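J.: Quick note: the sequence shown uses the numbering used here, first residue 101, plus one each step.
This is the structure I want to talk about, given as structure tokens.
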Amino acid sequence: MDQVNDNSLDGATVPGVSQVVQIRPTGGSWTDALNFVNDQYQVPNGVARPGYIQKSNIDVAGAGKVTGNGTYELRWLLAKADSNSLEFRDAYFSLELEHTV
101 MDQVNDNSLD GATVPGVSQV VQIRPTGGSW TDALNFVNDQ YQVPNGVARP
151 GYIQKSNIDV AGAGKVTGNG TYELRWLLAK ADSNSLEFRD AYFSLELEHT
201 V
């Protein structure tokens, strides 16, 4: 990738740790909920593109982090781009929980 003209996520911040969205119940401990990879979301510098839907296969309910009704906090841990011009506007996070009875 030509870093002068292109931009994307820089997964080299801290291998195995960075570029994750984490979740926790308010005041609880953080757990990974969504992983990103190096060079994800490649766009030319200064260009606007429509949004992406990013799904995760991490089972946060099975891990006991999301247990039902409540207030949860989300954070993007160690977010870093290849250049300084990668912008996310109107970013939303949501949870889709599946269960069986």
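No residue lacks a Cβ here, since even glycine has one placed at the ideal position from N, Cα and C.
Computed from a predicted structure; not experimentally measured.
Using the Cα positions of residue 102 and residue 134, report the straight-line distance between them to the nearest angstrom.
T.: Only weak support is given to the placement of residue 102: the predicted model assigns it a pLDDT of 46, under 50, and the question is left unresolved by the model.
J.: Distance, Cα to Cα, residue 190 vs residue 142?
T.: Approximately 18 Å between the Cα atoms of the pair.
J.: CB-CB under 6 Å to residue 193, same chain, minus the five flanking residues each way: which ones, in chain order?
T.: These residues qualify, in order along the chain: 174.
J.: So, helix, strand or coil for residue 149, using DSSP?
T.: The answer is coil: DSSP assigns residue 149 none of H, G, I, E or B.
J.: Am I right that residue 183 and residue 145 are in contact with their C-beta atoms under 8 Å? What's the rounded C-beta distance?
T.: Confirmed, Cβ separation roughly 6 Å.
J.: Rounded to a whole number of angstroms, what is the C-alpha to C-alpha distance between residue 125 and residue 181?
T.: Approximately 28 Å between the Cα atoms of the pair.
J.: Please determine, among 131, 121 and 150, the residue with the shortest C-alpha to C-alpha distance to residue 137.
T.: Closest option to residue 137, Cα to Cα, is 121.
J.: Since residue 118 and residue 178 should fall inside the 8 Å C-beta cutoff, what is the C-beta to C-beta distance between them, to a whole number of angstroms?
T.: Going by Cβ atoms, the distance from residue 118 to residue 178 rounds to 4 Å, so yes, they are a contact pair.
J.: By Cβ distance below 7 Å, which residues in the same chain neighbour residue 149 in space, the five residues on each side in sequence not counted?
T.: So the qualifying residues of the chain are 143.
J.: Please classify residue 129 as buried or exposed, where buried requires at least 16 neighbouring CB atoms within 10 angstroms.
T.: With fewer than 16 Cβ atoms within 10 Å of its Cβ, residue 129 is classed as exposed.
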